[in-house]
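Going by full-length UniProt numbering, 26 is the number at position 26 of the sequence shown; the sequence numbering is gapless. Reading through the structure tokens given below for one structure.
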Amino acid sequence: VKIGGSLYSDAMGEEGTEEGTYIGMVNANVQKIYKGLTAE
């Protein structure tokens, strides 16, 4: 099993970044999961 990256769990990203908002954090996680599931 190849690890594709780390996800945000209970802490958001740095303030002032997209991941610093709840929606941005969820979006970043979904993108990483999608890329991991669709990678060849």
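By construction, the Cβ of each residue, glycine as well, lies at the ideal position given by its N, Cα and C atoms.
Item                                                                                                                  : Value
How would you call E14, buried or exposed, if buried means at least 16 neighbouring beta carbons within 10 angstroms? : exposed
Would you mind stating whether Y8 and N27 have Cβ atoms separated by less than 8 Å?                                   : no
Within the continuous alpha helix (DSSP H) that includes L37, where are the two ends?                                 : Y22 to T38
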